[in-house]
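Asker: One structure is given below, represented as structure tokens, and several questions about it will come after.
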Amino acid sequence: MPNATKPPHWATQLLTWWGHPDTREDVQGDLLELYHYWVRTVGKRRADWRYCLNALRLLRPLAKSKQAREYPPPFLLSPDMLRNYFTIAWRNLNRNRAFSAINIVGLSIGLATCILISLFVFDELSYDRYNEKADRIVRVVFKGTMNGEKMREANVMPLVAKTLESTFPEVQATTRIRSGEATRFAYGDNEFKEERFYFADSTFFQVFTLPLIKGDTRTALSQPNTLVISSATAQKYFGNDDPIGKVLTVKARQTNYTVTGVFAEVPTNSHVHFDVLGSMATLPEANQANWLISNFFTYLLLPEGYDYHKLEAKLPRIVDTYMGPALKQMTGISLAQFREQGNDVGLFLQPMTDIHLHSDLKPETELEPGGDVRYVYIFGAIAVFMLLLACINFMNLSTAGASKRAKEVGIRKALGSEKGKLVGQFLVESMLLTGLALTLAVGLVYLVLPLFNELSGKALRLDMVQTPWILPALLGFGLVVSLLAGSYPAFFLSSFNPIAILKGGANALRVANGRTSIGLRSSLVVVQFFVSISLMIGTTVVYRQLSYIQDIKLGYDKEQVLILEGTSALGKNEAVLRQQLAQDARVVNASVSAFLPNTRYNVGLVSMQPEGNARQLTRLALFGIDDQYLPTLGMKLAAGRNFSAANQTDGFGVIINETAARHFGWGNQALGRKLLLPSINGQRDTDRTYEVIGVVRDFHFRSLHERIAPMVMFNSTNSGCILVKTRTKDVAGLLASVQERWTGFNTDEPFRYGFMDEKYQSMYEAEVKTGRILSLFAGLTIFVACLGLFGLATFSAEQRTKEIGVRKVLGASVTNIVALLSTDFLKPVLIALILASPVAWYAMNRWLRGFAYKIDIEWWMFALAGIAAIGIALLTVSFQSIKAALMNPVKSLRSE
Amino acid sequence: MKRAFLGEFEEVVMLTVAILDEEAYGVTVTQEIEQKTGRSVGFSTVHTTLQRLEEKGFLASRMGGATAERGGRRKRFFTVTAAGRKALRDVKQVREELWRSLPPQTLQLITG
């Protein structure tokens, strides 16, 4: 029939879609017949017109078939069909055991990773949200610049809370927390050291949500020398007795505290944890009108729905009114002059829910080290990628295995199964598989959770009883995954043309399965290796940076340095012990100091100015050292001399570091210069002047995240720790003899010690953790990607059995064939490498920016990851390709 | 007994189906009506009427007779059922009674 006499296609199509289903056939036939009649009688144009008009008038979009079908198809989810689906699915799983295992294991690893990371991410995001008023609580923080140094501190001055509350009506309540330092409490013979000891205002319970098991939140902390303690702590001291009213003694300070309340436990997802909380009323300095010393973490409760920025905008007034005069008194310059010099100080607000993840404050001023939102993003991305990888594997293996299912699809369709039913069947299958994988994944999570907690430093739990929403969440998650992974194979498999399949067998399939799906599968392999190569590069960079941190010349010798802690408790005997140790043959040198580089004994700051130049008032890091300190830690002097016990005037001498010398513009002529320490109360006559007697070579006294800051060392008989440089291999023997001496001094203080290199290591715990977690996930993604690659290689080898046979008959060697089969898989890996390199470079560059001292990202890191990926891919593929290449061609060609 | 109601167009369609005997399906009915009555009727109207009459039980249908011209689709042939025949008869009877009761001079005027 000529084309000219065809009716408008769209009208026919509309009729097919929305015509009445019962009369569709005869109506279409009739219209077609009439159309030809019209073309003959009235011409094509009119015929078209009539055809369309009639078609449109015959649309019955809402009509449903009224005919009862002779053989109604069984309901998709009827028990018989379900049983059939499960039987078939089970047989399929069983027949291809290796692939089923690859599929399920790969998927369950992906799911387990995803569940683990979700737990981690949810925990990170939940910080402080347990507080009923979490959205209304803000913390007052201190930010400023002083001579180029940025100050960002989490704590503020004592009277900020009271001043804000009385000045601004929108501040509904305030409370302050102050660190109490580790303190030994005693109740009778029960004496313990409480590391997590803080002071808080009596209003604490109005702002924070912390129910008391015993005691009254309104009165618990209102009196001086009162405490609330955790129930575990109460158990420790008092056993099962009622703790209320009992008295705990701090012998060192000869103070008594009465217990007035017991709380269960501070939730783990809080930015501050304490076992003992003392009343702020105990501390006289809590009400001191001091506007220059920050020690108090100050929280405000704002009205519901109040935008804290409005209050923040009013805070400069407080700074001008209260901090200005204090500054003028101390330095002699007014706030305006201070600002003219490019300096500034100010109070700002920080929502409580931002404290854990979004804080830009200096971590050492925080109550506890916080989290980092970047890690939340990175881990979230890893979780999504892992899941994606596993789903891709699933799709890849299912579509690659299509040849095995094609006949089944053909027969099912010939027997009257509809496409929708087949899609349903395959989705049920993927749900079954996902269900198995999910069960395995949950088991895996339970197994790995302790290890993961150790890595991440958290106490995560997958507790289905305590958190009832977990089970439905898991099921929903499984459903989503099975739809995600199963929908493409389901539609792909069910779209086969039954005639082509049943007639042409494998050939037809190759057409159906042809180029597009091979292209698709290769691109899926690209995605998988993109992720694993990126993670590999990331891991390499993190480990290189860690080893750089390990090997960097710190400017002092951290090896073989023993640190005895808490020696201030020895009183006068501290010096005696040092003397004894210094004379020991196994000891090179010993020194007493409370200031250790790269530890928490490193918080001293002092503001000084060069004599006659008040404008250069600078906050300097402060170290108080004795004459043995520099030799004990192997620090070198760039100029001048060390302190000397013989020199009486050294009390007014200081040693500065090279950075400080440069900062003051002294260069190499620092010796003999004078530094002025302004007195706190502003009385000029009590200012003290120090002479620079030495310049110490720069050494890293803070973490490598920060540049070396200007510092000053005073000669002072401070106490706190004894540093011992040893020369012996027998550290245990030395320790034993030191402990003997320690007990000989008859002190209450327990013998505690540490090693300098270990303390240095612990500074980078977060980075080490990141490295470990990254390498774990890199390993996992590679494993999952290889599983997928292995499956694909197997199928590819299987499909090309005949080709390989023919090639071998025609004289191809085993090497030829292995190369042929392997190169197919190398291309996607290479593409992945090219794509992953810039992404990984960008991400790791961002990460390294957090360090002031860092490695450069070099080309070999990418090459290494690339070679590793290619090697692993080749190894995976070669197993199958060698097997295929070694096969006897007679066998593969015989059965045609 | 209650008499079945037939619309004028329905009556025409029924009669056409009866005329065409075994060959009555959408196309032939449409063409026949056009030729016999000279009025142009849309296929959709005829089709809808045929459907309605089948629903009322006046017509019965069966499928068959696919041709290449119809793209291999079968026709739906209609035949008049007993109920249909009775309905037609009723209508005719009513008409004839009405005609008969016309006064002669009026009859003269109309047939004139």
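Protein chains in written order, with the numbering used here: chain G, 623 to 1518; chain E, 850 to 961. Glycine included, every Cβ here is placed at the ideal spot set by N, Cα and C.
(1) Does the distance from the C-beta atom of Glu881/E to that of Thr865/E stay below 8 Å?
(2) Let me see if you follow: with CB-CB separation under 8 Å, is Lys924/E close to chain G or not?
(3) If the criterion is Cβ atoms closer than 8 Å, does the pair Ile1159/G and Ala1485/G meet it?
(4) Any contact of the stretch 1454-1473 of chain G with the stretch 1498-1505 of chain G, i.e. 3+ C-beta pairs under 8 Å?
(5) Just the chain G side, please: which residues come within less than 7 Å of Arg919/E by C-beta, in chain order?
(6) Can you tell me whether DSSP reads Val1133/G as helix, strand or coil?
(7) DSSP state of Asp966/G, grouped into three classes?
(8) Among Asp942/G, Val1346/G and Gly1038/G, which residue has its Cα nearest to the Cα of Gln1205/G?
(9) Give me the Cβ distance between Pro973/G and Val760/G, rounded to the nearest whole Å; I'm assuming they're in contact under 8 Å.
(10) Could you check what DSSP says for Ile915/G in three-state terms: helix, strand or coil?
(11) Could you tell me the boundaries of the alpha helix (DSSP H) in which Ala867/E lies?
(12) Thr1161/G: buried (16+ other C-beta within 10 angstroms of its C-beta) or exposed?
(13) Taking the alpha-carbon positions, what's the Leu843/G to Leu1199/G distance?
(14) Contact defined as beta carbons within less than 8 Å: I believe Ala1507/G pairs with Ile1426/G. What is the distance between those atoms, to the nearest angstrom?
(15) Short check: CB of Lys1381/G to CB of Thr1254/G, under 8 Å?
(16) Look at Pro1450/G and Phe1151/G and say whether their C-beta atoms are less than 8 Å apart.
(17) Could you tell me which of Arg774/G, Phe814/G, Pro846/G and Glu803/G sits nearest to Ser824/G, measuring between CA atoms?
(18) Please confirm if Thr645/G has its CB atom under 8 Å from at least one CB of chain E.
(19) Just the C-alpha distance for Gly1141/G and Val1147/G, rounded to the nearest angstrom, thanks.
(20) May I have the straight-line CA-CA distance separating Asp1320/G from Val782/G, to the nearest angstrom?
(21) Would you mind giving the Cβ-Cβ distance between Met1466/G and Ile1453/G, rounded to the nearest angstrom? I have them listed as a contact below 8 Å.
(22) Please check if any C-beta of chain E sits within less than 8 Å of the C-beta of Leu636/G.
(23) By DSSP, does Asn878/G sit in helix, in strand, or in coil?
(24) Please classify Tyr1251/G: does DSSP put it in a helix, a strand, or coil?
(25) Please report how far the alpha carbon of Val1133/G lies from the alpha carbon of Ile726/G, in whole angstroms.
(26) Is Asp670/G close to chain E? Criterion is C-beta to C-beta, closer than 8 Å.
(27) Spell out the partners DSSP gives Ile851/G in its beta bridges.
(28) What does Leu684/G touch in chain E if you count any residue whose Cβ is under 9 Å from its own?
(29) Give me the chain G residues within the contact set of Val876/E, using Cβ-Cβ distance strictly less than 8 Å, ordered along the chain.
(30) Contact criterion: CB-CB distance below 8 Å. Does Lys628/G meet it with respect to chain E?
(31) Please list the partners that Asn676/G has in chain E, where partner means a Cβ-to-Cβ separation under 7 Å.
(32) Within its chain, find whatever has a CB closer than 7 Å to the CB of Leu653/G; leave out the 5 residues flanking it on each side and keep chain order.
(33) Tell me the residue span of the beta strand (DSSP E) that contains Phe814/G.
(34) Looking at the C-beta of Gln884/E, does it have a partner C-beta in chain G at a distance below 8 Å?
(35) Can you name the start and end residues of the alpha helix (DSSP H) that Val943/E belongs to?
(36) Can you tell me whether Met1086/G is buried or exposed? The criterion is at least 16 other CB atoms within 10 Å of its CB, across all chains shown.
Answerer: A quick look at the data gives this:
(1) Along the second sequence, read from residue 1 onward, the residue named residue 881/E stands at position 32. Along the second sequence, read from residue 1 onward, the residue named residue 865/E stands at position 16. Taking 8 Å as the Cβ cut-off, Glu881/E and Thr865/E qualify as a contacting pair.
(2) If you number the second sequence from 1, residue 924/E lands on position 75. Residue contact with chain G for Lys924/E: present (Cβ-Cβ distance below 8 Å to some residue of chain G).
(3) Position 537 of the first sequence holds residue 1159/G. Position 863 of the first sequence holds residue 1485/G. No, the pair does not count as a contact, with Cβ atoms beyond the cut-off.
(4) no
(5) Translated into the one-based positions of the second sequence, residue 919/E becomes position 70. Here the neighbours are Gly651, Leu654 and Glu655.
(6) The residue you call residue 1133/G lines up with position 511 of the first sequence. Because Val1133/G sits at a pLDDT of 49, beneath the cut-off of 50, its placement in the model cannot be relied upon, and the point is left open.
(7) By 1-based counting over the first sequence, the position of residue 966/G is 344. Reduced to three states, the DSSP call for Asp966/G is strand.
(8) Here residue 1205/G refers to the residue found at position 583 when the first sequence is read from its first residue. Considering only alpha carbons, the answer is Val1346/G.
(9) Locating residue 973/G in the first sequence gives position 351, where the first residue counts as 1. Locating residue 760/G in the first sequence gives position 138, where the first residue counts as 1. Confirmed, about 5 Å.
(10) Residue 915/G sits at position 293 when you count from the first residue of the first sequence. Looking at Ile915/G - three-state DSSP - the assignment turns out to be coil, as it is neither helix nor strand.
(11) Residue mapping note: residue 867/E aligns to position 18 of the second sequence, counting from 1. Taken as a continuous stretch (DSSP letters only), the alpha helix (DSSP H) holding Ala867/E covers Glu857 to Leu869.
(12) Here residue 1161/G refers to the residue found at position 539 when the first sequence is read from its first residue. Classification of Thr1161/G: buried, given that the 10 Å Cβ count is 16 or more.
(13) For the purposes of this step, residue 843/G is taken as residue 221 along the first sequence, with counting starting at 1. For the purposes of this step, residue 1199/G is taken as residue 577 along the first sequence, with counting starting at 1. The straight-line gap from Cα to Cα measures roughly 41 Å.
(14) Counting from one through the first sequence, the residue named residue 1507/G turns up at place 885. Counting from one through the first sequence, the residue named residue 1426/G turns up at place 804. Rounded, the Cβ-Cβ distance is 7 Å, consistent with contact.
(15) On the first sequence, position 759 is the one that residue 1381/G refers to. On the first sequence, position 632 is the one that residue 1254/G refers to. Against a cut-off of 8 Å, the Cβ pair of Thr1254/G and Lys1381/G comes out as no contact.
(16) Working through the first sequence from its first residue, we reach residue 1450/G at position 828. Working through the first sequence from its first residue, we reach residue 1151/G at position 529. Against a cut-off of 8 Å, the Cβ pair of Phe1151/G and Pro1450/G comes out as a contact.
(17) What you label residue 824/G is simply residue 202 of the first sequence in a count that begins at 1. For Ser824/G, the nearest C-alpha among the options comes from Pro846/G.
(18) Position 23 of the first sequence, counting from 1, holds the residue named residue 645/G. Yes, Thr645/G counts as interfacial toward chain E.
(19) As a working note, residue 1141/G is residue 519 in the first sequence. As a working note, residue 1147/G is residue 525 in the first sequence. Their Cα atoms are separated by approximately 10 Å.
(20) Taking the first residue of the first sequence as 1, we reach residue 1320/G at position 698. Taking the first residue of the first sequence as 1, we reach residue 782/G at position 160. Each residue's alpha carbon lies about 37 Å from the other.
(21) For the purposes of this step, residue 1466/G is taken as residue 844 along the first sequence, with counting starting at 1. For the purposes of this step, residue 1453/G is taken as residue 831 along the first sequence, with counting starting at 1. Separation of the CB atoms of Met1466/G and Ile1453/G is rounded to 21 Å, and the pair is thereby denied contact status at 8 Å.
(22) Against the first sequence, residue 636/G aligns to sequence position 14. Cβ-Cβ to chain E under 8 Å: no for Leu636/G.
(23) To locate residue 878/G, count along the first sequence from 1; it is residue 256. In this structure, Asn878/G counts as strand in the three-state DSSP scheme.
(24) On the first sequence, position 629 is the one that residue 1251/G refers to. Looking at Tyr1251/G - three-state DSSP - the assignment turns out to be helix.
(25) To locate residue 1133/G, count along the first sequence from 1; it is residue 511. To locate residue 726/G, count along the first sequence from 1; it is residue 104. Confidence is the limiting factor: at Val1133/G the pLDDT is only 49, short of 50, which leaves the residue's position unreliable, though a coordinate-based value still follows. Those two C-alpha atoms are separated by around 29 Å.
(26) Taking the first sequence and counting its residues from 1, the one referred to as residue 670/G is at position 48. No - not a single Cβ of chain E is within 8 Å of the one on Asp670/G.
(27) On the first sequence, position 229 is the one that residue 851/G refers to. DSSP lists Val884/G and Val898/G as partners of Ile851/G.
(28) Working through the first sequence from its first residue, we reach residue 684/G at position 62. Neighbours of Leu684/G on chain E: none; closest Cβ ~15 Å, over 9 Å.
(29) Here residue 876/E is taken as the residue at index 27 of the second sequence, counted from 1. The contacting residues are Asp652, Glu655, Leu656 and Tyr659.
(30) Position 6 of the first sequence holds residue 628/G. For Lys628/G, the answer is no, since every Cβ of chain E falls outside 8 Å of its Cβ.
(31) Here residue 676/G refers to the residue found at position 54 when the first sequence is read from its first residue. Residues of chain E passing the Cβ test: Gly891, Phe892 and Ser893.
(32) Your numbering for residue 653/G matches position 31 in the first sequence. Closer than 7 Å at the Cβ level, and outside the excluded window around Leu653/G, lie Tyr673, Asn676 and Ala677.
(33) On the first sequence, position 192 is the one that residue 814/G refers to. Counting along the chain, the beta strand (DSSP E) containing Phe814/G begins and ends at Asn812 to Glu816.
(34) Taking the second sequence and counting its residues from 1, the one referred to as residue 884/E is at position 35. Not one chain G Cβ lies under 8 Å of Gln884/E.
(35) Taking the second sequence and counting its residues from 1, one reaches residue 943/E at position 94. Per DSSP, Val943/E belongs to the alpha helix (DSSP H) from Ala931 to Arg949.
(36) Mapped onto the first sequence, residue 1086/G falls at position 464. Here Met1086/G is exposed. Its C-beta has fewer than 16 other C-beta atoms within 10 Å.
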